[in-house]
Amino acid sequence: LAKTTQPISMDSYEGQEVNITCSHNNIATNDYITWYQQFPSQGPRFIIQGYKTKVTNEVASLFIPADRKSSTLSLPRVSLSDTAVYYCLVVPLGDQAGTALIFGKGTTLSVSS
Amino acid sequence: DTAVSQTPKYLVTQMGNDKSIKCEQNLGHDTMYWYKQDSKKFLKIMFSYNNKELIINETVPNRFSPKSPDKAHLNLHINSLELGDSAVYFCASSHVTGTGGYTFGSGTRLTVV
C-alpha cells in the first residue's frame with residue numbers, strides 16, 4: 229500500500245477553514261484516497277473518499293489534482309468538536325479481500341476558541 | 218443501532234490470565250478486522266477475516282487467536298496475557314471491495330497488571 233505523508237499537527241480557531249494536505253507520490257492506478265477521523269477513546273471514523281478532482285459531502289471536501297500525488301482535506305468552519313486526529317490513507321478498491329488499512333501517524337488538529 | 222459493537226469496553230486483568238473480546242457487526246459486511254492501538258497511538262492491523270476465512274495474520278504472537286463463527290462476528294482470544302498486551306483493540310468491518318470505507322467499533326481498552 230502506498231505510503232502517505234501528512235503534517236503531524238495543525239492548530240486552528242473556531243470558524244476557520246482548515247486544509248490538511250497529504251502526499252502519496254507512489255499512488256497506484258486502482259488506489260483511492262481515503263480520510264478518517266479519530267476522537268480520543270473512539271475508533272476511526274470514515275470521512276470521505278475520492279479518486280480524482282473534487283468530492284464533497286456534509287462533513288468535508290477532498291481535492292485531488294490530476295497527477296493524484298497529493299490530496300487536500302478541507303474542513304469548512306471548524307468547531308471545537310473537530311479537534312481530532314485525521315488520517316490520510318490510499319486504499320485499493322475492488323476485489324481486494326481483506327485488504328487492511330495501513331495507518332500512519334495522522335495529523336492532530338487542535339481547534340481553539 | 219450500533220454498527221460495530223465490541224465487548225467489553227474496558228478490561229483489566231492480571232498477567233498470565235486468558236481473556237476474550239467479542240465483536241459483532243450488523244452492517245452486512247463480509248470482511249472483519251482486529252486492530253491494535255498502542256500507547257503511541259499507532260494503529261496496526263492484526264487479523265483480517267473474509268467470510269469466516271482468515272486472510273491476514275500479521276506478526277502477532279500465537280497467544281492471540283481470532284475466531285469467526287459467522288460473517289457478523291469476529292472474536293479475539295488472548296492467552297497468557299503480558300504487560301505489553303496493554304493497548305486499545307479495535308474491531309472493524311468492511312465490504313470486500315472496501316467501498317464506503319471501514320467501520321470501526323469503539324474499542325476495548327485492555328490493561329494488564
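Residue numbers (the working numbering), protein chains in the order written: chain L, 229 to 341; chain C, 218 to 330. All C-beta atoms in this analysis are idealised placements derived from N, C-alpha and C, irrespective of residue type, glycine included. Just so it is clear, the structure is predicted and the values come from calculations on it, not from any experiment.
Reduced DSSP secondary structure (H/G/I, E/B, other) of residue i
{"i": "C/Asp302", "result": "helix"}
{"i": "C/Asp287", "result": "strand"}
{"i": "L/Gly295", "result": "Strictly speaking, residue 295 of chain L in this sequence is Asp, with Gly absent from that position. Reduced to three states, the DSSP call for L/Asp295 is coil."}
{"i": "L/Ser309", "result": "helix"}
{"i": "C/His294", "result": "strand"}
{"i": "L/Asp259", "result": "strand"}
{"i": "C/Lys261", "result": "strand"}
{"i": "C/Arg280", "result": "coil"}
{"i": "C/Tyr319", "result": "coil"}
{"i": "C/Leu271", "result": "strand"}
{"i": "L/Ile276", "result": "strand"}
{"i": "C/Asp255", "result": "coil"}
{"i": "L/Ile236", "result": "coil"}
{"i": "C/Lys239", "result": "strand"}
{"i": "L/Phe331", "result": "coil"}
{"i": "C/Val188", "result": "Outside the shown range of chain C, which is 218 to 330, sits residue 188 of chain C, and nothing can be said about it."}
C-beta atoms of residue i and residue j nearer than 8 angstroms
{"i": "L/Gly271", "j": "C/Phe259", "result": "no"}
{"i": "L/Thr335", "j": "L/Gln244", "result": "no"}
{"i": "L/Ala288", "j": "L/Leu301", "result": "yes"}
{"i": "C/Ser323", "j": "C/Met249", "result": "no"}
{"i": "L/Lys297", "j": "L/Ile248", "result": "no"}
{"i": "L/Phe274", "j": "C/Tyr319", "result": "yes"}
{"i": "C/His246", "j": "C/His312", "result": "yes"}
Cα-Cα separation, residue i to residue j
{"i": "C/Glu275", "j": "L/Ala328", "result": "10 angstroms"}
{"i": "L/Ser340", "j": "C/Thr325", "result": "29 angstroms"}
{"i": "C/Ser265", "j": "C/Pro278", "result": "15 angstroms"}
{"i": "C/Ser297", "j": "L/Val246", "result": "46 angstroms"}
{"i": "L/Lys333", "j": "C/Asp235", "result": "31 angstroms"}
{"i": "C/Ile238", "j": "C/Leu271", "result": "17 angstroms"}
{"i": "C/Ala220", "j": "C/Gln242", "result": "5 angstroms"}
{"i": "L/Thr284", "j": "C/Met232", "result": "48 angstroms"}
{"i": "L/Tyr260", "j": "C/Phe281", "result": "31 angstroms"}
{"i": "L/Ile276", "j": "C/Lys269", "result": "28 angstroms"}
{"i": "C/Pro283", "j": "C/Leu327", "result": "16 angstroms"}
{"i": "L/Ala294", "j": "L/Lys282", "result": "10 angstroms"}
{"i": "C/Trp251", "j": "C/Ile262", "result": "6 angstroms"}
{"i": "L/Glu286", "j": "L/Leu337", "result": "19 angstroms"}
{"i": "C/Cys240", "j": "L/Ser237", "result": "32 angstroms"}
{"i": "L/Leu317", "j": "C/Gly317", "result": "14 angstroms"}
Residue i versus the options, residue with shortest Cα-Cα distance
{"i": "L/Arg305", "options": "L/Ser289, L/Arg273, L/Glu242 and L/Pro268", "result": "L/Glu242"}
{"i": "L/Ser251", "options": "L/Phe291, L/Leu321, L/Ser269 and L/Asn285", "result": "L/Phe291"}
{"i": "L/Ile330", "options": "L/Ile236, L/Thr249, L/Thr281 and L/Val319", "result": "L/Val319"}
{"i": "L/Lys231", "options": "L/Ile248, L/Met238 and L/Asn253", "result": "L/Asn253"}
{"i": "L/Asn258", "options": "L/Glu286, L/Ser338, L/Ala294 and L/Tyr279", "result": "L/Tyr279"}
{"i": "L/Asp239", "options": "L/Leu303, L/Leu317 and L/Leu321", "result": "L/Leu303"}
If you pair each beta-carbon of the segment 253-268 of chain L with each one of the segment 306-318 of chain L, do three or more pairs fall below 8 angstroms? yes
Using 8 angstroms as the threshold, is the segment 300-319 of chain C in touch with the segment 245-261 of chain C, meaning 3 or more CB pairs across them? yes
Counting beta carbon pairs with one atom in the segment 220-231 of chain C and one in the segment 283-290 of chain C, are three or more of them shorter than 8 angstroms? no
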